[in-house]
Structure formats: structure tokens, C-alpha cells
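In what follows, a structure is listed as C-alpha cells, so that the remarks can point back to it.
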Amino acid sequence: MTYTLISVSSVTYAMKSKTVLNNLGHYCEIERQEKNSRTGCGYLIRIKDDPSVIVPILERNGIRVRERKTVER
Amino acid sequence: MKQVYFDNAATTYPKPPSVSEAVKSAVVKYGGNPGRGGHAYSMNAAEMVYSVREKAAAFFGAEPENTAFTLNCTHSLNLAIKGIVRPGERMVISSMEHNAVARPSYALSKQGVRVDVAKIGRTDSETVSNFKQLIGPDVSLVVCTAASNVTGRLNPIREIADICRKSGVCFIVDGAQACGVVPLKLSDGMNFICTAGHKGLYGPTGTGLLVSDGKYSLRTIIEGGTGATSAELEQTGFMPERLESGTLNTVGIAGLGAGISYVNSVGMDYIKSHENELSGMFLDGISGLPDIKIYRDGEKFVPTVAFNLAGIPSERLAGALSEGGFALRGGLQCAYLAHRSLGTLPDGAVRFSPSVFSSAKDVLLLINYLKKICKTGL
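Line by line, the protein sequences are chains A and B. Under the numbering used here, the residues of the first sequence are numbered 49 to 121, in order. Under the numbering used here, the residues of the second sequence are numbered 347 to 724, in order.
As C-alpha cells, then:
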């Protein structure tokens with residue numbers, strides 16, 4: 049199973065990401081970032097859908113994407 | 347003695363039952379600190395806070411991330427005004443501002459900001475012209491109340507916003523008296539709407555909103571923990587966390603969400619027409635009284651009426667009304683500039699302000715009580 053973790057800078061952006069993506073039929077979950085980025089704690093969007101589709105959606109909606117990582121399990 | 351409440355311009359009362367329920371339920375349901383962890387308690391609270399943020403943003407035509415929770419309208423106005431203007435710059439405010447605008451402006455004037463006051467004229471076009479004359483290239487900020495908290499008069503904020511937009515000047519609107527009664531949207535042209543949550547939005551006290559169109563980044567006057575960018579000593583740079591240092595008023599926010607839902611469900615058209623009917627009835631009832639002075643210059647109003655009776659100091663009259671079972675506010679209503687403009691210093695005026703829960707029967711009782719005072723004196 050492959051999923052992507054998208055790091056956003058605050059819980060507000062995490063919640064907005066979830067709302068925007070769910071409204072477009074992309075199921076996702078929010079989780080706390082385990083390893084802090086350079087700027088400090090943040091939240092992750094865990095999503096199975098293609099990140100090359102998801103990230104532009106988030107950016108179009110004014111959501112700051114800090115980094116993303118694809119995980120295979 | 348039963349008290350009839352007509353001081354809704356200060357804070358609305360009663361609140362809708364759904365607001366009380368939301369507050370009670372929030373104490374039990376939302377125990378975690380939103381945005382401060384990944385555990386279920388924190389995330390549960392964060393979800394509720396975000397849902398209210400979305401609702402508030404939609405109410406003003408804003409993006410959720412540009413909608414910050416504050417303690418009250420004064421808090422919002424201080425954040426916005428002091429976040430924009432710098433020493434050496436010039437700002438323009440109206441002659442009918444509440445102290446929530448007048449005092450921060452005065453404080454800034456002592457730090458080298460030039461503050462000019464645009465007179466609210468007899469007509470809207472006169473007001474617009476007065477603003478136009480004062481807005482020049484050296485002005486960085488204009489602040490105007492959407493509706494006076496003393497007279498209820500609505501100001502031509504769209505037209506003022508238009509001048510500001512054409513001049514590249516930031517425009518902040520104090521929406522405390524207008525929000526929830528008349529539609530106020532960022533699309534009207536202002537850059538910031540500052541408002542209370544506990545007045546026309548029927549939320550609990552201790553709630554306010556700062557709504558931005560995102561064009562201006564505010565310098566901060568309060569810094570601290572935001573749950574974001576914690577590894578940096580520099581304050582978080584993005585909204586809304588930039589302006590939300592410290593733990594949010596989760597319980598109040600839950601109540602505010604219920605208040606906004608209430609306004610949406612009842613509808614501002616109904617609220618406005620009901621309250622206008624009551625203020626119209628009140629005006630009709632008192633206008634024939636001997637020695638009545640009603641402060642009602644202007645074209646459009648929210649349902650607030652300021653008056654004085656028979657030369658009785660307003661605080662004394664308000665005291666007598668309170669003894670008779672009617673809660674109205676006398677004095678200056680924290681609006682020195684407005685009363686200076688109206689010529690009502692030092693005693694101010696008595697203010698009648700109904701809400702959606704006020705009744706015609708109670709307005710008639712108040713009119714009769716004022717008639718009795720006229721006949722028998724205090």
C-alpha cells in the first residue's frame with residue numbers, strides 16, 4: 049500500500065486541506081507530524097490518492113504545503 | 347421585578363437556547379487544546395474550532411484562514427489598526443467612532459501617527475466627500491464604523507471603500523453594531539472587518555472576529571505560542587495563527603458558532619425587519635413627548651435610537667428606567683467622539699436597542715413608562 053504524507057504548517061491548514069479534499073472526493077486523514085521540520089511542529093495529511101493531483105489542489109486553495117513524502121508499506 | 351432588556355447594542359441578551367447548549371456541551375466535549383497536539387482531545391477541539399472558523403468566514407465572504415478569533419471587537423480593532431499604521435504615517439477615522447477606534451488612534455498619535463477625523467455629514471454624499479478630502483497619498487489607513495453605536499446610523503462604507511481602493515489605502519470597518527443585522531461582506535470593499543461575537547451574532551461574551559481579505563499582513567502587538575512554527579522565535583507569519591497567540595476560547599467559539607447558525611437560520615432580513623419595526627414603534631411613541639430630543643440625522647440606520655428627555659441627565663433617566671424594569675444604557679456608550687459630534691457631552695444620551703427577542707408589548711410598556719416620567723417627573 050502506498051500513501052503520501054503532506055506536511056502543512058498549522059492545524060488550520062490541515063483542517064482546510066481535509067475539507068477541500070473531502071469535498072472533491074479525496075479521502076484523507078490528519079495526523080500530527082512525528083518528526084518536526086526545521087520550523088517546528090506541524091500536521092500531516094495522509095492520503096492515498098496521487099500527490100501530483102492533490103498538491104496542486106491544496107495550493108490552488110491557498111494551503112501552504114511544506115513538504116511531502118511518499119511511503120510504501 | 348421583571349427587567350426588560352433593551353441594551354442589545356452593548357451585548358445581546360437573551361442568547362438563543364442553541365448558544366447556551368453549545369457552550370454547555372463544549373465544556374464537556376472539547377476538553378483538549380486545539381492545534382496543540384495530535385491526540386483525540388486536541389483534534390476533536392480543533393475540528394470544532396475549524397468548523398466555526400469556516401462558518402464565520404462564509405458569513406463575511408472570507409477564507410477560513412483569514413478569519414481570526416479574538417476576545418471582542420476592541421481586541422480585533424487594536425490588532426488591525428496597530429498592525430497597519432506606523433509612526434510618521436497618517437490615518438483617517440470618522441467622527442462617530444467608538445473608543446475602540448478612537449483610543450488606539452489617540453495612542454498612536456502620541457507615537458507620531460497623524461490622525462485626521464472625517465466628519466459624518468448630514469447625508470451620505472457629504473460623508474463620502476469629507477473622507478475624500480482627507481484621503482491623500484500619505485494616508486496609510488482609514489477606519490470607519492459601519493453603524494454608530496450611539497445613533498445606529500449606517501455609514502456609506504462601500505463608497506468609502508471605493509475611495510480607499512482607488513487610493514491604495516487600507517480600509518478597516520468596525521462592524522460591531524451592523525453585523526448580524528445588515529449584510530457585511532469583504533466584497534463590499536474593505537480589507538478588514540472587525541466585529542464582536544456577542545452582539546448581533548448572538549455568541550457569548552469574550553468572542554470577537556478579525557476578518558481579512560488577505561492583502562495586508564499585520565504587524566503583531568501580541569506574540570506567543572500558536573501551535574505552529576514553534577522552533578522559531580519570530581512570531582508565526584501566517585494567518586490566522588499569527589494573531590491567535592495563546593489558547594483559544596474554545597467554549598466561546600462553540601457558542602459563537604451556534605450564534606452564527608442562529609442568525610443564518612432566522613435570516614438577517616427577518617432580524618432587521620423585526621428590530622426596525624420595534625425601533626420605528628419606539629420612535630413613533632416618543633417623538634410626541636414634550637422636550638424629547640432624538641438623535642436621528644442620516645439616511646439609514648440599524649435599530650438603535652439615542653434620545654434625551656426633558657433635560658434629565660441621561661444616566662439619571664437610565665437609572666429611573668432601570669428602577670421601572672427597563673434596561674437601557676445612558677451616558678457616553680464608550681463613544682466620546684460620537685457624543686462630541688452630537689453635542690451631547692458631558693451627559694450623553696439614553697440608548698434604546700432591541701434584539702430579535704424583543705417584543706412590541708415591551709416596547710409599548712417602555713413608551714408608557716417614559717410618558718409617565720414626562721407627566722410626573724422623576
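Just so you know, even glycine gets a beta-carbon here, dropped at the ideal spot from N, CA and C.
Residue i and residue j closer than 7 angstroms at C-beta
i                      : j                      : result
residue 527 of chain B : residue 646 of chain B : no
residue 672 of chain B : residue 724 of chain B : no
residue 500 of chain B : residue 438 of chain B : no
residue 542 of chain B : residue 522 of chain B : yes
residue 532 of chain B : residue 653 of chain B : no
residue 464 of chain B : residue 476 of chain B : yes
residue 687 of chain B : residue 556 of chain B : no
residue 58 of chain A  : residue 114 of chain A : no
residue 376 of chain B : residue 391 of chain B : yes
residue 403 of chain B : residue 413 of chain B : yes
residue 624 of chain B : residue 700 of chain B : yes
residue 586 of chain B : residue 60 of chain A  : yes
residue 569 of chain B : residue 581 of chain B : yes
residue 553 of chain B : residue 379 of chain B : no
residue 495 of chain B : residue 544 of chain B : no
residue 548 of chain B : residue 608 of chain B : yes
residue 601 of chain B : residue 368 of chain B : yes
Three-state class that DSSP yields for residue i in the structure shown
i                      : result
residue 469 of chain B : coil
residue 426 of chain B : helix
residue 518 of chain B : strand
residue 694 of chain B : strand
residue 106 of chain A : helix
residue 80 of chain A  : strand
residue 699 of chain B : strand
residue 97 of chain A  : coil
residue 87 of chain A  : coil
residue 477 of chain B : helix
residue 461 of chain B : strand
residue 686 of chain B : helix
residue 361 of chain B : coil
residue 680 of chain B : coil
residue 391 of chain B : helix
residue 114 of chain A : strand
Chain B within 7 angstroms of residue i, Cβ atoms only
i                      : result
residue 87 of chain A  : yes
residue 52 of chain A  : no
residue 114 of chain A : no
residue 79 of chain A  : yes
residue 60 of chain A  : yes
residue 57 of chain A  : yes
residue 117 of chain A : no
residue 64 of chain A  : yes
Between the CA atoms of residue j and residue i - distance to the nearest angstrom
i                      : j                      : result
residue 75 of chain A  : residue 65 of chain A  : 11 angstroms
residue 415 of chain B : residue 659 of chain B : 38 angstroms
residue 684 of chain B : residue 69 of chain A  : 48 angstroms
residue 722 of chain B : residue 353 of chain B : 25 angstroms
residue 679 of chain B : residue 447 of chain B : 13 angstroms
residue 716 of chain B : residue 681 of chain B : 24 angstroms
residue 53 of chain A  : residue 504 of chain B : 44 angstroms
residue 502 of chain B : residue 436 of chain B : 22 angstroms
residue 478 of chain B : residue 509 of chain B : 7 angstroms
residue 73 of chain A  : residue 428 of chain B : 42 angstroms
residue 467 of chain B : residue 95 of chain A  : 57 angstroms
residue 610 of chain B : residue 360 of chain B : 17 angstroms
residue 451 of chain B : residue 461 of chain B : 7 angstroms
residue 363 of chain B : residue 482 of chain B : 49 angstroms
residue 323 of chain B : residue 534 of chain B : This structure cannot settle anything about residue 323 of chain B, because the visible part of chain B is limited to 347 through 724.
residue 597 of chain B : residue 395 of chain B : 9 angstroms
residue 707 of chain B : residue 417 of chain B : 34 angstroms
residue 640 of chain B : residue 702 of chain B : 23 angstroms
residue 410 of chain B : residue 381 of chain B : 15 angstroms
residue 576 of chain B : residue 81 of chain A  : 13 angstroms
residue 91 of chain A  : residue 572 of chain B : 13 angstroms
7 angstroms Cβ cutoff, residue i in contact with chain A
i                      : result
residue 403 of chain B : no
residue 392 of chain B : yes
residue 358 of chain B : no
residue 587 of chain B : yes
residue 583 of chain B : no
residue 384 of chain B : yes
residue 580 of chain B : no
residue 576 of chain B : yes
residue 410 of chain B : yes
residue 381 of chain B : yes
residue 396 of chain B : yes
Every unbroken beta strand (DSSP E) within the segment 592–660 of chain B, with a cutoff of 3 residues, ordered by chain: If we require 3 residues or more, the beta strand (DSSP E) runs fully inside the segment 592–660 of chain B come out as 638–640, 651–655.
Of all the beta strand (DSSP E) runs that stay within the bounds of the segment 530–599 of chain B, which reach a length of 3 or more residues? Counting only runs of 3 or more, we get 538–542, 554–558.
In chain order, what are the residue ranges of uninterrupted beta strand (DSSP E) at least 3 long that sit wholly in the segment 398–459 of chain B? Listed in chain order, the complete beta strand (DSSP E) runs (minimum 3 residues) inside the segment 398–459 of chain B are 413–416, 436–440.
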